[in-house]
Amino acid sequence: MTTPVLLWLRRDLRLADHPALTAAVATGRPVIPVTILDGEDESARPLGGAARWWLHGSLAALARDLEARGSRLTLRRGPVRPALEALIRETGAEAVLWTRRPGTDEAPLADHLAALGVTARRFGGALLHEPETVRTRQDTPFRVFTPFWKHLQTLEPPPRPRAAPDHIPAPTVWPAGDALADWPLRPEAPDWAGGLRATWTPGEAAARDRLEAFLDEAMAGYDTRRDALADDGTSRLSPHLCFGEIGPRQIWHAVRDRLPSAGAEAFLRELGWREFCHHLLHQHPAMAEAPLQARFARFAWRDDPDGLRAWQRGMTGFPVVDAAMRQLWHTGWMHNRARMIAGSFLVKDLLIDWRAGEHWFWDTLVDACPANNPCSWQWVAGCGADAAPYFRVFNPVLQGETFDPEGAYVRRWVPELASLPSRWIHAPWRAPAPALREAGVRLDETYPAPIVDHAAARTRALAAFADSGSG
């Protein structure tokens, strides 16, 4: 049995709890792991810059892990059909195995392979439960998160994760492949990834370490600490989950194996939100471009390139918004509470199309998830299936005072305000002149004055939603 099988890897860059890998090894045939750059399918959305940086590190880590088990990672360029066809011709492979990805139509590829006489086998593993298995009593998909989450908890727990294989059978002759260093994944001119390198370590081992650290140090207090902007109270597992360096079933059971706590339940609910977003993407593959509530298609968003640029650069004059956007640019990640604050400011205060924000996050987030990113932006904008009500307009000053009361988050990411007293740090334009002078703050010189009046912007937003019929 020397005819190999191809294991096509995408956002499942791990060896543990990997059903497709387990099945490939179980065939007893040689296994050729392969990943294809820019070629998931002909209509795939290209990865953003920060995600491409992460992908480089993740593939390097995976290649090392495969080599430790007697295997190797073959790299090819897309599009996927000709890339796979070439490998099939070169190796004589009679089967291609891969992990399903919600939001992608993989049936045409499976049919195409079948027409070539090649077996195509697709496996779960990216989610706790496959979308087809989670239905309402009316046998329809869920569109609201709370009943979805309640229903999810009534289902049989997902299978316990399986360990990585000790050995992966190798072919006698390996097909040729690209060198990872030759793929244009890392920025060079200019190299803007210094903050990413200082913040993150991609790879399966790093994902396991981060999960264990969270379970030991932060999970018990997650329910009370997760919204504190300056606190390290979240898991920061999202980029590892995004690239499949760790699977949701691994996280689910690792949490359930600990003593029950309010923090654990709150964290699992967030894992449920990820699941919900992917189930929505399965129903609505165009979720990054089309509002799930059709009436929003006629909403009159403002064309404001200056406002968008100020938001992207973290120069809006609202310190908590600017801190969030600068954290994003430097680290490729943003605290979840900060994402809601910054998102609300863009779509409600500035009335800029939520898709402009989604596109910016897609390019700058290391955890730019094709499900979570658009789903969360639609939630903020009020146009999603399960959305924040249109009249919820976050006040950036109150949000900052509530979730960063001492201003530590702002001081870290907006250092020009670091010497301002806490009582003024979230609204420096309200500070008396002596306090500004003593802190070295000169509005519109060292730090911008607000680019919009929040109270007036809120009134404008509510009127715009009402006029469009979206309210």
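The sequence shown begins at 1 in the UniProt record's numbering and counts up by one. Every residue, glycine too, gets a C-beta built ideally from N, C-alpha and C.
Alpha helix (DSSP H) containing residue i: first to last residue?
| i | result |
| --- | --- |
| Leu268 | Ala262 to Gln283 |
| Pro147 | Phe145 to Thr154 |
| Arg64 | Gly49 to Glu67 |
| Leu21 | Pro19 to Ala26 |
| Leu292 | Where Leu292 is concerned, there is no enclosing alpha helix (DSSP H), given that its DSSP letter is neither H nor E. |
| Thr446 | Careful: Thr446 lies outside any alpha helix (DSSP H) and carries neither H nor E. |
| Ala310 | Pro305 to Arg313 |
| Trp333 | That residue, Trp333, is in no alpha helix (DSSP H); it is neither H nor E in DSSP. |
| Val255 | Pro248 to Arg256 |
Alpha carbon to alpha carbon, how far is residue j from residue i? Give it in angstroms, no decimals.
| i | j | result |
| --- | --- | --- |
| Ala63 | Ala50 | 20 Å |
| Leu116 | Thr3 | 16 Å |
| Glu12 | Thr140 | As written in the sequence, residue 12 is Asp, which differs from the Glu given in the question. Asp12 and Thr140: Cα-Cα distance of roughly 28 Å. |
| residue 473 | Arg122 | An answer regarding residue 473 cannot be provided, because it is not within the stretch 1 to 471 covered by the chain. |
| His240 | Ala207 | 6 Å |
| Val80 | Ser238 | 26 Å |
| Glu42 | Leu59 | For Glu42, the predicted model reports a pLDDT of 49, less than 50, meaning its position is unreliable and no value from the coordinates is stated. |
| Trp8 | Ala466 | 48 Å |
| Ala418 | Val441 | 9 Å |
| Gly48 | Pro432 | 43 Å |
| Ala114 | Val96 | 10 Å |
| Glu212 | Phe243 | 18 Å |
| residue 533 | Ala381 | Residue 533 is absent from the structure shown; the chain starts at 1 and stops at 471. |
| Leu328 | Thr172 | 46 Å |
| Glu289 | Thr22 | 36 Å |
| Ala230 | Gly384 | 29 Å |
| Thr364 | Pro158 | 32 Å |
| Asn395 | Val255 | 34 Å |
| Phe214 | Trp53 | 24 Å |
| Arg89 | Leu6 | 12 Å |
| Leu292 | His284 | 8 Å |
| Ala342 | Arg29 | 51 Å |
| Ala456 | Ala220 | 41 Å |
| Ala435 | Gln378 | 40 Å |
| Gly247 | Ala61 | 16 Å |
| Glu66 | Ala26 | Note that residue 66 is Leu in the sequence shown, not Glu. For Leu66 and Ala26, the distance between alpha carbons rounds to 16 Å. |
| Pro82 | Ala371 | 27 Å |
| Ala464 | Val414 | 32 Å |
| Pro305 | Gly125 | 41 Å |
| His426 | Cys369 | 30 Å |
| Arg339 | Ala323 | 11 Å |
| Leu346 | Asp182 | 38 Å |
| Pro389 | Asn373 | 18 Å |
| Thr402 | His253 | 33 Å |
| Glu85 | Ser261 | 50 Å |
| Glu245 | Thr146 | 28 Å |
| Ser344 | Arg355 | 13 Å |
If I follow the unbroken beta strand (DSSP E) through residue i, where does it start and stop?
| i | result |
| --- | --- |
| Trp8 | Val5 to Leu9 |
| Leu398 | Careful: Leu398 lies outside any beta strand (DSSP E), inside the alpha helix (DSSP H) at Pro396 to Phe403. |
| Pro33 | Val31 to Leu37 |
| Ala120 | Thr119 to Phe123 |
Is the separation between the beta-carbon of residue i and that of residue j shorter than 9 Å?
| i | j | result |
| --- | --- | --- |
| Leu351 | Ile451 | no |
| Arg337 | Asp227 | yes |
| Leu127 | His278 | yes |
| Val366 | Gly407 | no |
| Phe148 | Phe276 | yes |
| Arg186 | Ala193 | yes |
| Pro428 | Ala310 | no |
| Ile36 | Gly92 | no |
| Pro319 | Val393 | no |
| His151 | Thr136 | yes |
| Leu443 | Gly357 | no |
| Leu73 | Pro33 | yes |
| Pro102 | His282 | yes |
Can you tell me the Cβ-Cβ gap for residue i and residue j, rounded? I've got them flagged as a contact below 8 Å.
| i | j | result |
| --- | --- | --- |
| Arg10 | Trp98 | 7 Å |
| Lys348 | Arg458 | 7 Å |
| Arg100 | His167 | Contact doesn't hold; Cβ gap of about 26 Å is too wide. |
| Pro169 | Val31 | 6 Å |
| Ala16 | Ala164 | 4 Å |
| Arg258 | Pro161 | About 15 Å; that fails the 8 Å criterion. |
| Gly177 | Tyr222 | No, Gly177 and Tyr222 are not in contact; Cβ-Cβ is about 42 Å, not under 8 Å. |
| Gly195 | His330 | 4 Å |
| Asp386 | Arg143 | 6 Å |
| Trp301 | Asp353 | 4 Å |
Which runs of the beta strand (DSSP E) at least 3 residues long sit entirely within the stretch 74–112? Give them in chain order.
Counting whole runs of 3 or more residues, the stretch 74–112 contains the beta strand (DSSP E) stretches 74–77 and 95–99.
Let me know the beta strand (DSSP E) ranges lying completely inside the stretch 157–240, each 3 residues or longer, listed in chain order.
Counting only runs of 3 or more, we get nothing.
At 4 residues or longer, and completely inside the stretch 351–436: list those alpha helix (DSSP H) runs for me, N to C.
List check, alpha helix (DSSP H) in window: 354–364, 372–381, 396–403 and 408–413.
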